[in-house]
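Notes to accompany the following structure.
Residue numbers (the working numbering): 2 to 300.
In structure tokens, the structure reads:
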């Protein structure tokens, strides 16, 4: 009887364990399917099986929406202060430094000049990775300046919303940003230029209660959570069971709170189409500079 060979090549050793690098595969939070990180990256974190939209970093949004992925930043030098000396086991300053280290951003809002399929825009986007996209004094100031620059330079505003609401570490100063941003928005709207508000998951708290739902067109991603307080808090308060899908973008569309739901993979084309319809070839002058009897005032 022939003996079994004992000098098997090392690459045929069945006992050898092969490990898969961390982050090579991603599991969908919607359907549980597993896909390679490369596939999810190419699809901008949209599941190819169920269409679940996972959260997308601000840098990837720039790559998806903006011509050449280029944003010419405005007011990037603004940094949060700590006027209250707030601490909750960790100082506010330490939390800001940690958020900057993790996210690579200096604040939870980026603004600047950009173009979407050739349409010049004043562009803004929340950075959710920075303290949950919370709105403090710097975020509010940047949003106000976004509308002011849009009005001054005669640019439509496109603003991506993704926020947990007002930043508690700044107390009443963060709540003041609600009035400040809406005031700037109302002045911008007097210029008769469009404001396109893109509602991502989540858009909640003081951001949802102020400017986020005041767009000329409110566009939501599929399945995005949009509302002031979360469903669990509301149920505990009113002691009633909420309807299925309450505060999700589909529910809001059915009840007239948003104008359309657009897949992330079609967002660039959708925004371009809206801009081509809503942005005049030559922006009208501000109302304050026009005289009675101006033909542009006629319906």
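All residues carry an ideal CB built from backbone N, CA and C; glycine is no exception.
Quantities reported herein were computed from a predicted structural model and do not represent experimental measurements.
Residues near residue i by beta carbon distance below 6 Å, same chain, minus five either side
{"i": "residue 115", "result": "67, 72, 122 and 124"}
{"i": "residue 172", "result": "85"}
{"i": "residue 32", "result": "50 and 51"}
{"i": "residue 145", "result": "181, 182 and 185"}
{"i": "residue 152", "result": "189 and 192"}
{"i": "residue 301", "result": "Beyond the ends of the chain as shown, which are 2 and 300, falls residue 301; an answer cannot be given."}
{"i": "residue 202", "result": "225 and 226"}
{"i": "residue 221", "result": "200, 250, 259 and 262"}
Range of the contiguous beta strand (DSSP E) that encloses residue i
{"i": "residue 273", "result": "Here residue 273 belongs to no beta strand (DSSP E); instead the alpha helix (DSSP H) covers 268 to 279."}
{"i": "residue 126", "result": "120 to 127"}
{"i": "residue 36", "result": "35 to 37"}
{"i": "residue 209", "result": "It is not in any beta strand (DSSP E) - residue 209 instead sits in the alpha helix (DSSP H) that spans 206 to 209."}
{"i": "residue 160", "result": "158 to 164"}
{"i": "residue 221", "result": "218 to 221"}
Contacting residues, own chain, Cβ-Cβ under 7 Å from residue i (five flanking each side not counted)
{"i": "residue 247", "result": "232"}
{"i": "residue 228", "result": "205, 209 and 248"}
{"i": "residue 257", "result": "none"}
{"i": "residue 179", "result": "207, 210 and 211"}
Residue burial classification, residue i (beta-carbon count within 10 angstroms, cutoff 16)
{"i": "residue 165", "result": "buried"}
{"i": "residue 272", "result": "buried"}
{"i": "residue 42", "result": "exposed"}
{"i": "residue 69", "result": "exposed"}
{"i": "residue 39", "result": "exposed"}
{"i": "residue 142", "result": "buried"}
{"i": "residue 175", "result": "buried"}
{"i": "residue 255", "result": "exposed"}
{"i": "residue 170", "result": "buried"}
{"i": "residue 150", "result": "buried"}
Supposed contact pair residue j and residue i - C-beta distance, whole angstroms, cut 8 Å
{"i": "residue 195", "j": "residue 157", "result": "5 Å"}
{"i": "residue 162", "j": "residue 198", "result": "6 Å"}
{"i": "residue 1", "j": "residue 213", "result": "There is no way to answer for residue 1, as the model of the chain reaches only from 2 to 300."}
{"i": "residue 226", "j": "residue 45", "result": "So it is not a contact: roughly 19 Å between Cβ atoms."}
{"i": "residue 260", "j": "residue 218", "result": "5 Å"}
Bounding residues of the alpha helix (DSSP H) (the contiguous stretch that carries residue i)
{"i": "residue 307", "result": "For the chain, the structure presents residues 2 to 300; residue 307 sits outside this window and is missing."}
{"i": "residue 103", "result": "93 to 104"}
{"i": "residue 71", "result": "Unbroken run through residue 71: none, as it is neither H nor E."}
{"i": "residue 259", "result": "From DSSP, residue 259 is part of no alpha helix (DSSP H); its letter is neither H nor E."}
{"i": "residue 188", "result": "173 to 190"}
{"i": "residue 28", "result": "Counting along the chain, residue 28 falls outside any alpha helix (DSSP H), though it belongs to the beta strand (DSSP E) covering 26 to 28."}
{"i": "residue 149", "result": "138 to 154"}
{"i": "residue 64", "result": "59 to 66"}
{"i": "residue 234", "result": "232 to 239"}
Same chain, Cβ closer than 8 Å to residue i, neighbours up to 5 away in sequence not counted
{"i": "residue 290", "result": "Residue confidence for residue 290 is low, a pLDDT of 49 falling below 50, so the modelled location carries little weight and cannot support an answer."}
{"i": "residue 280", "result": "120, 157, 194 and 195"}
{"i": "residue 35", "result": "26, 27, 28 and 29"}
Any non-hydrogen atom of the ligand FAD within 6 Å of residue i CB
{"i": "residue 276", "result": "Among the ligands in the structure shown, none appear at all, so the ligand FAD cannot be discussed."}
Three CB pairs or more closer than 8 Å across the segment 249 to 259 and the segment 75 to 89: Taking 8 Å as the limit for Cβ pairs, the verdict is that the segment 75 to 89 does not touch the segment 249 to 259.
Touch test, the segment 128 to 135 against the segment 99 to 118, Cβ-Cβ under 8 Å, three pairs minimum: yes
Cβ pair count under 8 Å reaching 3, the segment 59 to 66 against the segment 95 to 102: Proximity of the segment 59 to 66 to the segment 95 to 102 falls short of the contact definition, fewer than three beta-carbon pairs being nearer than 8 Å.
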